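J.: FYI, the working numbering numbers position 224 of the sequence shown as 207, with every residue one higher than the one before it.
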Amino acid sequence: MTVPTHIAIIMDGNGRWATRQGQPRFKGHAQGYRNLRNILKAASDMGVKYLTVYAFSSENFKRPKAEVDFLMSLFAEAAAAELDSLKKENVKVVASGRIDELPAKVRKMFIRDIEETSTNTGIVFNIAVNYGGRNEIVDAARKLAEKAAKGEIKPEDIDEAALSGCMYHPEIPDPDLVIRTSGEIRVSNFLLWEIAYSEFYITDILWPDFNEDELKKAVAAFGGRKRRFGKVSDDE
Ligand code: IPE
Ligand code: IPE
Ligand code: MG
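1) Within a Cβ cutoff of 6 Å, which residues of the same chain sit near Asp187, ignoring the five residues on either side of it in sequence?
2) Taking 6 Å as the limit between beta carbons, can you name the residues of its chain near Asn109, skipping five residues before and five after?
3) According to DSSP, what are the bridge partners of Arg163?
4) So the alpha helix (DSSP H) Ile247 belongs to, where does it begin and stop?
5) Going by CA-CA distance only, name the one from Lys48, Val107, Arg95, Ala204 that's closest to Glu154.
6) Would the beta-carbon of Gly115 be found less than 7 Å away from any heavy atom of ligand 3?
7) Using a Cβ-based criterion (distance less than 7 Å to any ligand heavy atom), does Tyr184 qualify as near ligand 2?
8) Taking Ala59 as part of the beta strand (DSSP E), name the residues at either end of that continuous run.
9) Beta carbon of Thr(-15), beta carbon of Gly206: below 8 Å?
10) Between which two residues does the beta strand (DSSP E) carrying Leu34 extend?
11) From the DSSP output, in three-state form, read off Val74 for me.
12) Could you check what DSSP says for Tyr16 in three-state terms: helix, strand or coil?
13) By DSSP, does Phe108 sit in helix, in strand, or in coil?
14) With hydrogens ignored, establish whether the beta-carbon of Phe39 is closer than 7 Å to any heavy atom of ligand 2.
15) For the alpha helix (DSSP H) containing Ser147, name the first residue and the last one.
16) Cβ-heavy atom distance between Glu84 and ligand 2 below 7 Å?
17) Could you work out which residue in Glu50, Ala123, Ile82, Lys91 is closest to Glu220 when comparing CA atoms only?
18) So is Gln14 buried or exposed if we call it buried at 16+ other beta carbons inside 10 Å?
19) Is there at least one non-hydrogen atom of ligand 2 closer than 7 Å to the beta-carbon of Ser171?
20) What span of residues does the alpha helix (DSSP H) with Ile120 cover, start to end?
21) Looking at ligand 2, does it come within less than 7 Å of Asp192, judged from the CB to the closest heavy atom?
22) Sort Thr(-12), Ile82, Ala38, Gly(-2) by Cα distance to Ser171 and report the nearest one.
23) Let me confirm a value: Gly115 is counted as buried when at least 16 other C-beta atoms fall within 10 Å, else exposed. Which label applies?
24) Does the Cβ of Tyr180 have 16 or more other Cβ atoms within 10 Å, making it buried, or fewer, making it exposed?
In structure tokens form, the structure reads like this:
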């Protein structure tokens, strides 16, 4: 089985999962978190080297305050509760997004997990929180503009490699496979720069129901894809 080096997941459908059970939306987020814990372990066991998950978009701040507050508390609690097991499992935690704009309790817990797992050598777990693909490109453009203003680079030095180097995690290779649960066929501002040649897998399964078997189905589908990167494929 060809296992993707980097899988990125748009974990969508928590609200609908809860509504279908006659439960308030936050129950779906709590179940989504439990599921993420299983999927991180499953991905690591399968040999995936990088797992990026979309936990909260920059636009998700436009949701009702009660839902945003619940999610922020969940992030802080999860980051605190999982540190020991993440260490045991040799997981290296990183984050993508405007982390400095998060409530202090969330920011502190994420930074603690990131620092305390920084020397781990297993799967890299990249949590995209307060993340927007356009924001990431804007932030990269600002970094380059600052360098240009200081005279460190010239406009003609700006190429794809220079821009890539200013993304949140230039050391992480682009995703091979992007999974979106709950059936929406859109990108919702996720990893706009990095998904130039990613394969997409969209399933109607809602995120809390996306278990290890579903992950294996996605990876099997990926294995059947022919990636051409604009070239003519070798066997034609
Ligand atoms: C994804 O589930 C989680 C977040 C965006 C935080 P949703 O909350 O978007 O669930 P649906 O799409 O409303 O079902
Ligand atoms: C994308 O889902 C963001 C996350 C899964 C965190 P949304 O539910 O916010 O996306 P839209 O609004 O349906 O495009
Ligand atoms: Mg949604």
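In this text, a Cβ means the ideal position worked out from N, Cα and C, and glycines have one as well.
Just so you know, these numbers come straight off a predicted model, no measurement behind them.
T.: Quick answer:
1) Gly166
2) Thr35, Val77, Ser79
3) Ile(-7), Ile185
4) The question about residue 247 has no answer, for the chain in this structure spans -16 to 219.
5) Val107
6) no
7) no
8) No beta strand (DSSP E) contains Ala59, which is instead part of the alpha helix (DSSP H) from 48 to 71.
9) yes
10) 33 to 40
11) coil
12) helix
13) strand
14) yes
15) 143 to 147
16) no
17) Here the chain covers residues -16 to 219 and nothing more, so residue 220 does not appear.
18) buried
19) yes
20) 116 to 132
21) no
22) Ala38
23) buried
24) exposed
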